[in-house]
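Presented below is the structure to which this report refers.
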Amino acid sequence: MNVDYLQLLKLLAPECVVVLTVLAVLLADLQLWRNWSVSARSFGAASVLTLGFGAAAGLLIWKRAVTADLLGGSLVLTPVSQHVKLALLGLAVVTAWLCTEGKFTQHVGEFMALIALATTGMMLLVSTENLLLVFVALELVSLSLYVLTAFNKGSARSAEAALKYFLFGGMAAAFMLFGFSFLYGLTGSIHLPIIAAKISWQAADPLTLVAIVFVVVGFGFKIAAVPFHLWAPDAYEGAPASAAAFIASGSKVASFFILGKLLQVGLPGVAGSGAWKALAPGWMAVIAILATASMVFGNLAALAQSSLRRLLAYSAIAHAGYALLGLIGGSQSALLYYAITYAVTSMGVFGVVAVMENRAGSESVVGLAGLRERSPLLAGVLTVFVLSLAGIPPLAGFFGKFYVFIAAAKQGEGLGYWWLVALALAASCVSLYYYLQVLKQVWVVPSERPGQGGVAGGIVVSGLLVVLAVVVVALGCAPELLLRFLK
Amino acid sequence: MTPLAAYLLVSALLFAIGFAGALTRRNSILVLVGVELMLNAANLNFLAFWRYGPNPEALTGVMFVLFAIAVAAAEAAVGLALIIAIYRHYCSSNVEDVATMKG
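Protein sequence lines correspond, in order, to chains A and B.
Counting along the first sequence from 1, when you hit position 477 you're at 481 in the working numbering, and nothing is skipped either side.
Counting along the second sequence from 1, when you hit position 86 you're at 71 in the working numbering, and nothing is skipped either side.
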């Protein structure tokens, strides 16, 4: 096979710049700035990472109209994948600056380097249609995130969260690899378009169903869908706030992108159906079951939580369920709009959590009491984020839900997936209860100790939170701003 | 039974043993061993499908296995590091002792 390496290098330039950023951050932090204080080093490392990612984003914008398919599907670039990569870079930069809020580690250089490595994995994940590269990139993301979760060495909960995340993740990776091996065996290829051409129910084979189920198990873990969600609440609770924010945002966007591509590009012949009274074996039915379980269980479990982080974890599980509706609807733009706006919103909430933990030492929902007086800024942005998660118009979360619900409702004939949409609407109503509980603490309940000092994050983090809130409002008022880049 | 079917049977058995081990063992190192068995079952599948597949000239299966072995090694390294971190806090590597977070 003749390979044009120069062409390959040109197309992979953004990823190369991100990897070089890893080295630059490590060099600066471990060598040049050894004698600086921790907070100076964390600002320095975040700045280097921002510069590097800015350069990578510049390369992406420069080449954003590119359409390429190299090495028989190993590197597939489309304008949509370039835009998703831009979103991933943005989320990683926000994560890096969140890390400056919180003093959980001396080793900020390594922390930033791992964030950048995970970003590399995510960027590769959205630009391939090759099962081998999907597996390797997904493991690069996962291994980086396990270590990021354990990064608070002084905290037993951080280590516990990482171990649970790792053990479930390892099993999920094994399931996925086993599923991939059957896909390879059934088709003799690991390229998604070739797999799509060869696999269908005409050559009915129970192995096909095994392959589908195993692959969905592997990805169900990554997106934290019930019943593969068991790691999520613990990982969200124990991990450093910035690591948890990255798990909840960047990793979700990349995983939903590749899951959608794998099922819709690689396995369209075995979609089956989960429509009303027309159940047929295939991944649609499996995804419909996962979506149902995630929406019901996630929302009901979130009702009982007193820790803000665990509440977010269960709400993330419920949101994974809603997003799966976009997958069933077969609309890539709706799914990506949902995943990206959700990622921005949850990044914002975790930013508020980071500030609250660092400055006020509280992580419970009750600890938010009286935030209206203690910090009007935090109260304001948290309200925007939480209302967006709840799906209140005119915020981004509303249109995210709107598009995935419409996509699912249009799918199939007759009643089709209306049962799933109705269930999703009911689940959204349930979720209002716990989201409004959070806002009640912020706006209505007075502070436990009157005269308690104010809370204020660092200037950069406060600025970023305002920017994220503005993005959420802007994308809600004008969804086309983002949507046209995803079509 | 064709050789391919025999290999698939062995690998399915290996996967089941690994999964059972990962679910029932209490020592986290042995859980890790179970996960490694599951990964190796998938590797055996790849090799069998490659060897008895329609075109063994293309080295797709072998290549996949080489990468999977490397990834599994990296995963074991990260896993053992995490188990050391756990041991420092809990003085135990038993997964039942490591359960302070619930809900």
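We put the beta carbon where it would ideally sit given N, CA and C, even for glycine.
As the structure is a prediction and not an experimental result, all values here were calculated from the model.
Exclusion of the five residues before and after S311 (chain A) leaves E241, E367, S368, V369 as the residues of its chain whose Cβ lies within less than 8 angstroms of its Cβ. Residue pairing of S277 (chain A) in beta bridges, as defined by DSSP: A:A284. Listed by position along chain B, the residues whose Cβ is nearer than 8 angstroms to that of I262 (chain A) form an empty set, because the closest Cβ is around 16 angstroms away. The closest CA to that of V84 (chain A), considering only A:A72, A:G467, A:F155, A:E105, is found on A:A72. Not a single C-beta of chain B is nearer than 8 angstroms to the C-beta of F409 (chain A). Note on geometry: alpha-carbon atoms of F232 (chain A) and A347 (chain A) lie some 20 angstroms from one another. Among the CB atoms of chain B, one or more fall inside 8 angstroms of the CB of E143 (chain A).
For the stretch 305 to 362 of chain A, the continuous alpha helix (DSSP H) assignments of 4+ residues that do not extend past its boundaries occur at 312 to 333, 336 to 359, in sequence order. Comparing alpha-carbon positions, the option among B:Y72, B:N79, B:E81 lying closest to S159 (chain A) turns out to be B:Y72. The DSSP-derived three-state label of S368 (chain A) is strand.
Excluding sequence positions up to five before and after F225 (chain A), its CB lies within less than 7 angstroms of the CB of F172, G173, A176, F232, all in the same chain and listed in chain order.
DSSP, read as helix, strand or coil, puts A72 (chain A) in strand.
Shown here, N39 (chain A) sits in coil according to DSSP, grouped into three states, outside any helix or strand.
Boundaries of the alpha helix (DSSP H) around V442 (chain A): 422 to 447.
Per DSSP, reduced to three states, the secondary structure at N79 (chain B) is strand. Spanning the alpha carbons of K405 (chain A) and A338 (chain A) requires a straight line of approximately 9 angstroms.
A Cβ of chain A is located within less than 8 angstroms of the beta carbon of M48 (chain B).
DSSP places N156 (chain A) in the coil class of the three-state scheme, outside both helix and strand. By the neighbour-count definition (other C-beta atoms within 10 Å, threshold 16), W287 (chain A) is a buried residue. Under the three-state reduction of DSSP output, H233 (chain A) falls in the coil class, being neither helix nor strand.
Taking C-beta atoms under 8 angstroms as the contact rule, V465 (chain A) and W66 (chain A) fail to qualify, at a distance of about 30 angstroms.
Approximately 6 angstroms separates the beta-carbon atoms of L393 (chain A) and Y439 (chain A); this is inside 8 angstroms, confirming the contact. Look at the beta carbons and you see the stretch 18 to 32 of chain B touching the stretch 176 to 193 of chain A: at least three pairs across the two are nearer than 8 angstroms.
Using beta-carbon distances, R161 (chain A) counts as an interface residue toward chain B, with a partner under 8 angstroms. Taking 4 residues as the shortest admissible run, the stretch 454 to 484 of chain A contains the following complete alpha helix (DSSP H) segments, listed from N- to C-terminal end: 463 to 481. Counting only Cβ-Cβ distances below 7 angstroms, V151 (chain A) has contacts in chain B at V63, in chain order. Between G276 (chain A) and P285 (chain A), the beta carbon gap of about 5 angstroms places them in contact (Cβ cut-off 8 angstroms). Here A426 (chain A) is actually not in contact with L329 (chain A); their C-beta atoms are around 11 angstroms apart, not less than 8 angstroms. Between H195 (chain A) and N156 (chain A), the C-beta spacing is not below 8 angstroms.
In the structure shown, the three-state DSSP call for L8 (chain B) is helix.
Taking L294 (chain A) as reference, the option from A:Q309, A:A141, A:V230 with the minimal CA-CA separation is A:V230. Neighbours of T(-13) (chain B) in chain A, taken as residues at a C-beta separation under 8 angstroms, are lacking, since the least C-beta distance is about 13 angstroms.
Judged by pairs of C-beta atoms under 8 angstroms, the stretch 371 to 388 of chain A does not touch the stretch 300 to 311 of chain A, as fewer than three such pairs exist. Cβ neighbours of A163 (chain A) within its own chain (closer than 6 angstroms, five residues either side excluded): A154. For the 8 angstroms CB-CB criterion, F402 (chain A) and I410 (chain A) do not form a contact. Look at N303 (chain A) here: in three-state DSSP terms it is helix.
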